[in-house]
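What follows is a single structure, written as structure tokens, with notes after it.
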Amino acid sequence: MGTAVGGAIGGKLGAPERPVIAICGDGGFAMTGMEVLTATTYNIPVIWIVFNDGRFNTVHHGMQMQYEGRTNATEFRQIDIIGIARALGARAETVCAPGQISSAMRSAIAANVPTIIEVLVDRDEPPPIRSRVESLNRFFAEANEDLCQF
3 MGTAVGGAIG
13 GKLGAPERPV
23 IAICGDGGFA
33 MTGMEVLTAT
43 TYNIPVIWIV
53 FNDGRFNTVH
63 HGMQMQYEGR
73 TNATEFRQID
83 IIGIARALGA
93 RAETVCAPGQ
103 ISSAMRSAIA
113 ANVPTIIEVL
123 VDRDEPPPIR
133 SRVESLNRFF
143 AEANEDLCQF
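Residue 3 is where the sequence shown starts when you use my numbering, and the numbers rise one by one after that.
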């Protein structure tokens, strides 16, 4: 979490001939989103798709699954992603429905400038994280078994 913005800039510098598209949530974007200024300053045409729901949603739903519905410190005020994008000099667009993403992507690629596509999502729709949670549960179970040996 928090690495998509800078990582995408690095990816584009490493492969300038290829389109670079990063996907992140609003919480991760809040951690390092100011790096968009680097992309606009040096005209590094990266596309960021930011899911905006005012929550660390994967963490939230993962906690609900692991801790019998309990969560802690996963919600925050919804961020003005478009306002931040424009303040940093990036092209910005909001997508509200699944059918809009294709045209937003085509426009962003054609523009060839730093672009943020904000995708408004339903915070109560759980992300596909079951396999992640199952992997974490296995990891912690194995770690607990290892610790019990001492």
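Heads up, the beta-carbon is just placed ideally off N, CA and C, and yes, glycines get one too. Only a predicted model underlies this, so the values are computations on that prediction, with no experimental measurement involved.
Item                                                                                              : Value
Segments of 4+ residues assigned as alpha helix (DSSP H) that fall wholly inside the region 13-85 : 28-34, 38-43, 59-68
Terminal residues of the alpha helix (DSSP H) in which A112 lies                                  : 103-113
Per-residue DSSP class, three states only, for V123                                               : coil
Reduced DSSP secondary structure (H/G/I, E/B, other) of A99                                       : coil
Beta-carbon separation (whole angstroms), I11 vs T40, contact threshold 8 Å                       : 6 Å
Residue burial classification, F152 (beta-carbon count within 10 angstroms, cutoff 16)            : A caution first: F152 carries a pLDDT of 46, below 50, which makes its placement in the model unreliable, though a value can still be read off. Per the 10 Å Cβ criterion, exposed.
Through-space distance from N74 to E104, alpha-carbon basis                                       : According to the sequence as given, residue 104 is Ser; it is not Glu. Distance between the alpha carbons of S104 and N74: 35 Å.
For A87, the residue or residues it bridges with in DSSP                                          : A87 is not bridged to any residue.
Candidates T43, A32, G35, of which the one nearest V115 by Cα                                     : T43
Heavy atom of the ligand ATP within 7 Å of A17 beta-carbon                                        : Questions concerning the ligand ATP fall outside what the structure shown contains, since it holds no ligand whatsoever.
Expected contact under 8 Å - CB spacing of V52 and I111 to nearest Å                              : Not really, about 17 Å apart at Cβ, beyond 8 Å.
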